[in-house]
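Following our numbering, the numbering of the sequence shown begins with 31 at its first residue and continues without gaps.
We treat Cβ as the ideally placed atom computed from N, Cα and C, and that holds for glycine.
Being a predicted model, the structure only gives us computed values, none of them experimental.
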Amino acid sequence: MSITRVVAITGCDSGLGWAIAARSAREGLVTVAGMYQGVNTQAADSLRKLYAHPFPLDVRDPESVAGFRDYVKCLLKDNPNYKLHAIVNNAGVMTIGNYEWQPPSTIENTINVNLLGAMRLVTAFMPDLRKTALEKPISKTRIINVSSHCGLQPLPGFGVYSASKAGLLAWTRALRHEHREHGLSVVAFVPGKWANPPYFIFKYGQTMVEGIMDIEP
């Protein structure tokens, strides 16, 4: 029986997440694309045309994560030749601005999405990932956590984001050692710079102005 590999990806509404999902689908993997903005969007429609499976997902919500996992499990159950190959924790948020100008809700949301969201997904999928990793000749089952160079070298204005990505890197390394004996690969992917610098300059300035306006006299 030929094996068809399944990959579950978060944060596929745009940018890197959309590109990963599109490439996975083009390569013939059964691609389940987590969409924070829902499945009635242009991004979701474009992935459907590639035979991917857009699915609504908010990694901050345990029930949403459970629903995402259950959808993947249904695909595996209904198709005996499907095997869970990988999960990709790509969902992330970034607010640019000095730490003291960011409200607690913004700081907590950054950590909740970038770090705790990845942990929720791994917790939900770990039993199936480990099961597939132990099967032969199936191997190379993996968890891919999308981090950032900011997690290696923090930058001014990116302090909270850098902290969340540094935490993700540290957790990824620990997880790799914990599950090596199970044949499960855990990888941190640190993409290069791909957004336009003027955009970041604009966003940094915008956050500075908003922060100053919010400071009580």
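Top-ranked residue by Cα proximity to residue i, from the options
i: Pro52; options: Gly222, Val69 and His83; result: The sequence as given places Ala at residue 52; Pro does not occur at that position. Among Gly222, Val69 and His83, the Cα nearest to that of Ala52 belongs to His83.
i: Ala38; options: Gln72, Pro133, Tyr112 and Asn70; result: Tyr112
i: Met156; options: Ser215, Asp108 and Pro184; result: Ser215
i: Ala196; options: Gln67, Gly187 and Ala218; result: Ala218
i: Thr61; options: Pro133, Arg90, Ser177 and Arg99; result: Arg99
i: Ile173; options: Ala193, Leu146 and His115; result: His115
i: Leu106; options: Thr34, Gly189 and Leu199; result: Thr34
i: Val102; options: Leu185, Ile117, His209 and Arg150; result: Ile117
i: Thr125; options: Ala193, Glu93, Leu59 and His212; result: Ala193
i: Glu138; options: Thr153, Ala154 and Gly189; result: Gly189
i: Trp131; options: Pro92, Leu182, Val36 and Pro186; result: Pro186
i: Arg90; options: Leu46, Ala154, Glu211 and Leu146; result: Leu146
Classification of residue i by the beta-carbon crowding that lies within 10 angstroms, buried from 16 upward
i: Gly222; result: exposed
i: Leu164; result: exposed
i: Tyr191; result: buried
i: Leu159; result: buried
i: Asn119; result: buried
i: Tyr81; result: exposed
i: Asp88; result: buried
i: Thr171; result: buried
i: Thr162; result: buried
i: Asn70; result: exposed
i: Ser32; result: exposed
i: Arg56; result: exposed
i: Asn109; result: exposed
i: Ala96; result: exposed
i: Ser58; result: Ser is not the amino acid found at residue 58; the sequence shown has Gly there. With fewer than 16 other Cβ atoms within 10 Å, it is exposed.
i: Leu151; result: buried
i: Leu198; result: buried
i: Ser177; result: buried
i: Phe232; result: Any reading at Phe232 must be qualified, since the residue scores a pLDDT of 46, below 50, and its modelled position is unreliable; no value is offered.
Beta bridge counterpart(s) of residue i as assigned by DSSP
i: Lys113; result: Arg35
i: Gly64; result: Phe85
i: Ala218; result: Asn175
i: Asn119; result: Asn175
8 Å contact criterion, which residue i and residue j should meet: CB distance rounded
i: Val220; j: His179; result: 6 Å
i: Phe85; j: Ala49; result: Their Cβ separation, rounded to whole angstroms, is 18 Å, which puts Phe85 and Ala49 out of contact at 8 Å.
i: Asn175; j: Ala148; result: 6 Å
Exercise. Would you be able to state if there are at least three C-beta pairs under 8 Å between the region 205-215 and the region 129-143?
Key: no
Quiz item: Using 8 Å as the threshold, is the region 40-47 in touch with the region 72-79, meaning 3 or more CB pairs across them?
Solution: yes
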